[in-house]
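Note sheet for the following structure.
Number of protein chains: 4
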Amino acid sequence: MAGSVLGEVFKISTWGESHGAGVGVVIDGCPAGIPLAEEDIQAFLNRRKPGETRYSTPRKEGDLVQILSGVFEGKTTGTPISLMVQNTSQRSKDYSDIAGYYRPGHADYTFDAKYGFRDYRGGGRSSGRETIGRVAAGAVANKILEELGIHIVAYTKQIGPFVCREDQIKPENIEKSPLKMPDLGISAEAEEYLSGKMKEMDSVGGIVECVISGMPAGVGEPVFGKLDAALAGNIFSVGAVKGVEIGAGFAVAEKTGSENNDNFYMASDGTVKKQTNFAGGILGGISDGDDIIIRAAFKPTPSIFQKQKTVNCQGEDIEIQIKGRHDPVIMPRAVVVIEAMAALTIVDRLFVGMTSRIERIKDFYDF
Amino acid sequence: MAGSVLGEVFKISTWGESHGAGVGVVIDGCPAGIPLAEEDIQAFLNRRKPGETRYSTPRKEGDLVQILSGVFEGKTTGTPISLMVQNTSQRSKDYSDIAGYYRPGHADYTFDAKYGFRDYRGGGRSSGRETIGRVAAGAVANKILEELGIHIVAYTKQIGPFVCREDQIKPENIEKSPLKMPDLGISAEAEEYLSGKMKEMDSVGGIVECVISGMPAGVGEPVFGKLDAALAGNIFSVGAVKGVEIGAGFAVAEKTGSENNDNFYMASDGTVKKQTNFAGGILGGISDGDDIIIRAAFKPTPSIFQKQKTVNCQGEDIEIQIKGRHDPVIMPRAVVVIEAMAALTIVDRLFVGMTSRIERIKDFYDF
Amino acid sequence: MAGSVLGEVFKISTWGESHGAGVGVVIDGCPAGIPLAEEDIQAFLNRRKPGETRYSTPRKEGDLVQILSGVFEGKTTGTPISLMVQNTSQRSKDYSDIAGYYRPGHADYTFDAKYGFRDYRGGGRSSGRETIGRVAAGAVANKILEELGIHIVAYTKQIGPFVCREDQIKPENIEKSPLKMPDLGISAEAEEYLSGKMKEMDSVGGIVECVISGMPAGVGEPVFGKLDAALAGNIFSVGAVKGVEIGAGFAVAEKTGSENNDNFYMASDGTVKKQTNFAGGILGGISDGDDIIIRAAFKPTPSIFQKQKTVNCQGEDIEIQIKGRHDPVIMPRAVVVIEAMAALTIVDRLFVGMTSRIERIKDFYDF
Amino acid sequence: MAGSVLGEVFKISTWGESHGAGVGVVIDGCPAGIPLAEEDIQAFLNRRKPGETRYSTPRKEGDLVQILSGVFEGKTTGTPISLMVQNTSQRSKDYSDIAGYYRPGHADYTFDAKYGFRDYRGGGRSSGRETIGRVAAGAVANKILEELGIHIVAYTKQIGPFVCREDQIKPENIEKSPLKMPDLGISAEAEEYLSGKMKEMDSVGGIVECVISGMPAGVGEPVFGKLDAALAGNIFSVGAVKGVEIGAGFAVAEKTGSENNDNFYMASDGTVKKQTNFAGGILGGISDGDDIIIRAAFKPTPSIFQKQKTVNCQGEDIEIQIKGRHDPVIMPRAVVVIEAMAALTIVDRLFVGMTSRIERIKDFYDF
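Chains A, B, C and D, in that order, give the protein sequences. So for the first sequence, the working numbering puts the first residue at 1; every next one is plus one. So for the second sequence, the working numbering puts the first residue at 1; every next one is plus one. So for the third sequence, the working numbering puts the first residue at 1; every next one is plus one. So for the fourth sequence, the working numbering puts the first residue at 1; every next one is plus one.
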């Protein structure tokens with residue numbers, strides 16, 4: 001209950017600090033029979049690895065994952081899957097200062113308020129390295145979704161004032177942009193903007209958008225177990241996220257019902273479809289079969305190299321200048337984290353929803 | 001797991017349909033010794049009751065709550081508190097049409113996709129009457145927060161393009177506005193706007209803001225159990241919510257780190273404070289002692305009286321015109337629902353957090 | 001978390017005190033499409049109703065159940081099912097004494113130690129009336145099991161030294177015995193024994209046995225989620241149970257491996273069977289397709305009419321003589337409670353187990 | 001939900017197979033500030049290590065534990081504690097036969113029935129090595145209990161027909177007996193009995209007793225969350241356990257109320273005490289301050305070296321003779337596993353119970 005366990009049926013338990021022995025995750029509730037190799041997971045981890053572009057921390061980590069349990073002869077066995085990444089590039093001395101004061105925008109003060117003290121090296125458990133467990137587990141969830149024909153993709157939608165144009169969002173361009181912005185024209189402009197802010201020893205915020213396609217209709221529970229509530233809550237748990245919206249999102253505030261309702265129609269394949277998708281693929285908390293579209297707002301990295309005012313642990317006002325290795329922008333490395341949270345949520349909700357109809361359960365237990 | 005149970009320690013289980021015998025909630029995990037009477041709960045229910053202004057459905061419900069268990073000689077006993085409100089004003093015939101088709105923007109289609117059929121009377125379990133259980137449980141949570149000196153207030157921040165001015169938001173004005181907009185000048189303009197849309201048989205969206213004051217620092221768990229993630233997920237579970245943000249929210253996308261960081265300083269009372277509150281009272285998922293400020297975007301009521309295109313259950317394209325009794329705007333009755341969700345979340349997280357330090361546990365179990 | 005919520009997927013939340021407005025349960029996680037009427041539940045409640053024989057409390061309660069939600073046109077809808085039984089025969093004055101002292105063998109002292117005070121009327125939440133919620137929910141679970149071809153029956157195996165003979169246990173005799181002992185010869189002897197103890201103002205203990213037949217193999221999770229662990233824990237939660245065993249049970253202590261191992265063989269229908277069933281239908285925590293056989297030991301009713309020594313709330317040694325209406329033997333009314341706990345456990349574990357194989361999940365989500 | 005996660009507040013997630021890379025556990029919900037070193041855990045692991053006496057498998061494992069996270073400068077930080085033991089002595093070829101058939105008394109058949117296949121090496125996840133995760137986590141729970149003055153001890157009470165005499169049970173003798181029987185006279189007799197059965201290539205069953213002292217009154221929740229129910233369920237989850245009883249246990253079946261009721265009296269220190277402890281320290285599911293006494297019946301090891309009849313995976317009746325390294329008796333190595341399960345349960349229930357009274361919560365959140 002200390003917060004590092006997620007999921008009701010597909011349950012994960014992440015662990016590890018920035019400057020401890022390593023980071024990892026245990027997955028309990030993965031079905032048997034899914035082909036799984038370390039490369040499947042490594043591919044996802046490589047996308048969040050630091051040091052890949054000039055816009056991310058130069059900390060170099062191999063971030064090599066090991067599967068310690070739950071896989072036999074290349075397939076999941078249905079028992080817990082333990083995944084571990086060892087920490088290798090720890091420069092704890094960069095952080096010796098931090099022990100004594102509270103960095104603005106960070107969790108130093110609140111960890112102290114909660115626990116009485118903290119592992120200050122690199123932010124300890126509140127470090128971005130905590131997301132390795134999420135991404136590794138998300139990679140396994142993605143293998144399940146692959147089997148079911150569900151596909152998830154996330155990208156940087158906006159950096160500062162630069163927003164990808166809807167008609168220019170091409171998934172194949174995401175990896176071509178160092179900022180993971182699929183509108184390459186906008187990406188170039190955003191790079192220039194970001195470079196300027198980096199020179200000013202500042203950081204920038206933005207928005208990540210995530211699209212989940214191939215969803216069946218009928219996933220999600222009414223009331224508190226709504227699919228959008230689960231997605232929103234889980235995505236909100238990623239560090240630096242300050243807002244989450246689905247479909248038309250906050251824009252609904254200025255819309256009328258006649259503008260915002262998505263009319264149903266019969267598609268030529270005999271299925272029920274919507275003319276528009278302002279709902280973002282979820283109605284009444286249950287998937288409607290359309291793409292799920294969700295966005296998360298990321299604050300600018302709080303670790304900036306300018307001088308800042310704050311207080312120390314002795315209760316004195318001081319001025320500090322942060323050192324160390326920090327990303328000036330979070331989104332490019334966060335897109336894979338958002339994909340992971342989406343995958344974890346969808347798998348868990350799919351599994352929770354498997355008992356909605358008695359006739360399906362009867363079919364299931366025919367053994 | 002079908003979605004109507006909420007909370008890890010302070011656990012509620014809501015039940016009831018729009019046109020069944022009634023609606024209610026069972027609360028398990030309420031501490032013993034809290035003074036509780038039906039009036040405490042009724043006061044909250046009255047604030048969400050229909051038929052109070054011309055901007056809400058004319059359905060008249062007494063919405064009288066009964067305490068069925070868990071209270072003895074005026075105080076909670078620590079055992080489950082069962083609360084029930086009987087339905088009295090059911091005009092099911094208004095809904096006989098709905099059985100046969102899928103209303104745009106509603107959960108009719110997705111319930112059918114999930115369960116194979118649905119209780120179509122008044123939306124069944126996806127009706128707004130479902131929120132009575134939330135509000136009743138929230139009233140009990142509020143009694144706990146009162147004991148701890150924590151105060152929650154919500155109000156309509158925005159309707160269509162009309163946004164309350166920061167310096168005009170006066171809590172004492174909330175109840176003076178039929179729209180629950182504490183900036184009475186803006187409220188009057190919004191009323192005019194809303195009346196215009198009602199004449200066009202249309203509905204409007206908006207934003208509710210919620211402020212939680214009196215919080216101790218140190219509440220919330222790292223990683224998945226973050227306080228903001230819990231608040232966001234739970235508030236997102238309220239029907240018609242399409243986005244949630246905290247503190248500076250989506251505006252962080254266009255801010256830089258130097259603009260967005262809240263600098264700490266020592267207050268004259270010897271406590272650590274922040275110069276600004278862009279964080280919205282939560283850092284790293286843990287409360288920092290400042291006010292928690294959270295906003296939810298509500299879509300316009302999907303039940304509008306204009307003709308709309310949709311499909312029927314036989315898979316034919318049809319045109320419909322919805323009858324019945326519907327609110328043209330959701331926020332005025334939703335503010336108390338948002339307060340309830342905030343109260344339920346804060347109490348649960350306070351309770352979860354009670355094991356963070358061994359020395360506190362030792363003090364606790366001195367009996 | 002205060003203890004009245006049970007189940008991971010098929011989740012129930014019971015409420016109510018002996019002398020409050022009523023008792024009830026909310027079931028969340030029941031699949032849609034199951035025929036359900038109040039009579040289905042009433043049949044089970046009638047089996048635990050007081051006042052049916054001379055061996056049960058003369059308190060007369062109709063114990064009539066009402067379905068308040070979750071059923072539409074005679075079938076479950078997949079949303080929460082709220083069930084309520086109103087209390088009608090409350091003679092609280094019988095209990096005014098109890099307020100001031102701690103009855104031996106009862107929870108009076110421990111409730112005070114936990115909560116600081118208690119609802120002393122009829123034992124409040126620790127009363128046997130609490131089991132109405134269990135039985136009502138169990139009746140719904142039984143409807144699900146019926147659909148799947150799983151059958152549960154419990155009976156009194158032993159009272160005092162009188163034990164039913166294996167070859168005389170005939171299910172059709174259970175209801176013929178006022179003590180629910182299917183060996184009618186032994187039942188008659190036990191009645192005589194019990195009558196003797198009643199004259200001495202004493203009470204007697206015994207054992208209930210429960211048989212679950214029609215189980216598929218493969219239900220239950222490894223390690224902590226073992227099917228036998230779940231059954232044992234849930235059955236142990238019934239008041240007055242002091243021991244639970246499965247299959248050969250405590251007798252294994254004196255057996256050797258060669259005596260206790262159940263050899264497998266191929267049955268003529270091509271399935272794997274066991275020559276014996278010392279395991280009690282569960283191997284490694286997972287059902288093996290054989291009958292599950294579980295037994296619970298019940299202590300003698302602690303409410304006896306003899307003089308007893310105890311202490312009062314002022315901390316003085318006193319002598320008391322309990323009044324009121326009390327069963328001199330618990331098992332006859334408890335058999336249906338044990339069946340209910342077994343049914344609730346089996347349904348929950350069946351549902352939890354629905355994600356064990358990816359190929360089954362693929363079949364499931366073909367919509 | 002696949003079964004390897006335990007606890008509501010003090011939550012553990014175990015992983016690992018007999019012949020995989022290792023075994024381990026992640027603990028989430030441990031308070032900050034508890035001194036913890038690898039030696040604290042190693043001491044417990046050494047007690048379950050194989051190869052220590054002639055009555056345990058000669059498999060030699062160092063079973064050295066590593067703390068991978070959650071500890072900083074010698075104290076727990078409140079964040080997840082990841083513990084790992086690498087497997088070193090794997091002789092998988094011993095098990096190549098097992099792949100093709102189902103051992104009597106083992107989980108081979110049920111794992112296949114559940115998952116469609118299994119990791120057959122050494123029993124995979126159903127191996128006794130799975131208990132390393134339990135014991136490691138239990139060692140951490142024990143550190144918490146030490147701080148609170150609660151002490152847990154378990155020992156072998158019975159092997160075959162040899163039962164320790166009450167007045168000879170001396171805790172200081174437990175480690176002097178290779179069978180962990182504190183009555184050394186009985187232990188010697190049991191050794192002789194066991195040696196005889198080993199010569200016959202057979203195995204023996206028995207009973208472990210566990211005593212929890214120093215408990216405060218008031219721990220445990222009513223109804224489903226009873227402390228005895230939690231202890232029973234969790235202890236039942238240990239492999240080979242076929243029965244659990246508390247206090248007088250199954251003997252209550254032949255007792256009367258006047259014999260079985262524990263009368264209260266005022267002790268000279270002004271506290272409420274019981275004249276006897278047939279209840280086993282728990283009344284109405286809540287601790288009464290007395291010692292908690294619980295017993296578990298263990299079946300004889302199913303791996304015996306005699307010829308046995310069974311079936312193979314092709315559905316043929318066959319005869320087998322098991323090879324490999326197996327304990328002829330489970331209890332001596334299981335006592336520390338039972339202690340671990342007791343410690344994990346008590347800590348979790350203590351933490352769950354911390355919200356039972358509002359005045360205590362007010363004291364707690366004074367920061």
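Positions of the beta carbon are idealized from the N, C-alpha and C atoms, including for glycine.
Need the endpoints of the alpha helix (DSSP H) that residue i sits in, please.
i                      : result
residue 186 of chain D : 184-199
residue 117 of chain C : Note, residue 117 of chain C: premise wrong, no alpha helix (DSSP H); not H, not E.
Run down chain B in chain order and give the residues with a C-beta less than 7 Å from the C-beta of residue i.
i                      : result
residue 6 of chain A   : 224
residue 263 of chain A : 104, 308, 309 and 310
Please list, in chain order, the chain B residues whose beta carbon lies closer than 9 Å to that of residue i.
i                     : result
residue 17 of chain C : 69, 70, 72, 77 and 79
Pull up the CB-CB distance for residue i and residue j, whole angstroms please, since I reckon it's below 8 Å.
i                      : j                      : result
residue 13 of chain C  : residue 80 of chain B  : 7 Å
residue 141 of chain D : residue 10 of chain D  : 7 Å
residue 309 of chain D : residue 260 of chain C : With a Cβ gap of about 15 Å, residue 309 of chain D and residue 260 of chain C do not count as contacting.
Over what stretch of residues does the beta strand (DSSP E) that includes residue i continue unbroken?
i                      : result
residue 14 of chain D  : 11-16
residue 155 of chain A : 151-159
residue 81 of chain C  : 81-86
residue 213 of chain D : 206-213
residue 245 of chain B : 241-246
Going along chain C, which residues have a C-beta under 7 Å from residue i?
i                      : result
residue 9 of chain A   : 355
residue 119 of chain B : 72 and 77
Ignore the nearest five residues each way along the sequence and tell me which others in residue i's own chain have a CB closer than 7 Å to its CB.
i                      : result
residue 265 of chain B : 273 and 275
residue 350 of chain A : 219
residue 47 of chain D  : 336
What does residue i reach in chain D if we use C-beta pairs closer than 9 Å?
i                      : result
residue 160 of chain C : 253, 254, 255 and 256
Leaving out five residues before and five after residue i in sequence, what residues of the same chain have Cβ atoms less than 6 Å from its Cβ?
i                      : result
residue 248 of chain D : 278
residue 86 of chain B  : 22
residue 99 of chain C  : 120
residue 41 of chain C  : 65, 136 and 139
Excluding the 5 residues preceding and the 5 following residue i in the sequence, name in chain order all residues of the same chain whose CB lies nearer than 8 Å to its CB.
i                      : result
residue 263 of chain D : 274, 275 and 276
Determine the chain B residues that contact residue i at a beta-carbon separation under 8 Å, and present them in chain order.
i                      : result
residue 107 of chain A : 222, 283, 284, 285 and 286
residue 177 of chain A : Those within 8 Å of residue 177 of chain A in chain B number zero; the least Cβ separation is about 17 Å.
residue 13 of chain C  : 5, 11, 13, 26, 28 and 80
Applying a beta-carbon distance threshold of less than 8 Å, which residues of chain C neighbour residue i?
i                      : result
residue 368 of chain B : Nothing can be reported for residue 368 of chain B: it is not among the residues displayed for chain B, which extend from 1 to 367.
Since residue i meets chain A, which of its residues come closer than 7 Å, beta carbon to beta carbon?
i                      : result
residue 112 of chain D : Correct list: empty, because the minimum Cβ distance to chain A is about 10 Å.
With 8 Å as the limit, tell me which residues of the segment 20-32 of chain D have their beta carbon closer than that to any beta carbon of chain B; keep them in chain order.
29, 31 and 32
In chain order, what residues of the segment 129-151 of chain A put their CB closer than 8 Å to some CB of chain C?
144, 147 and 148
Between the segment 264-278 of chain D and chain B, which residues of the former have CB atoms less than 7 Å from a CB of the latter, in chain order?
none
So if I threshold CB-CB distances at 8 Å, which residues from the segment 332-364 of chain B count as touching chain D?
350, 351, 352, 354, 355, 356, 357, 358, 359, 360, 361, 362, 363 and 364
Tell me which residues of the segment 34-54 of chain C have at least one Cβ-Cβ distance to chain A shorter than 8 Å, keeping chain order.
34
Short of 9 Å Cβ to Cβ, which residues in the segment 189-218 of chain A face chain B?
Residues passing the 9 Å Cβ filter: 197, 200, 201, 202, 203, 204, 205, 206, 207, 216, 217 and 218.
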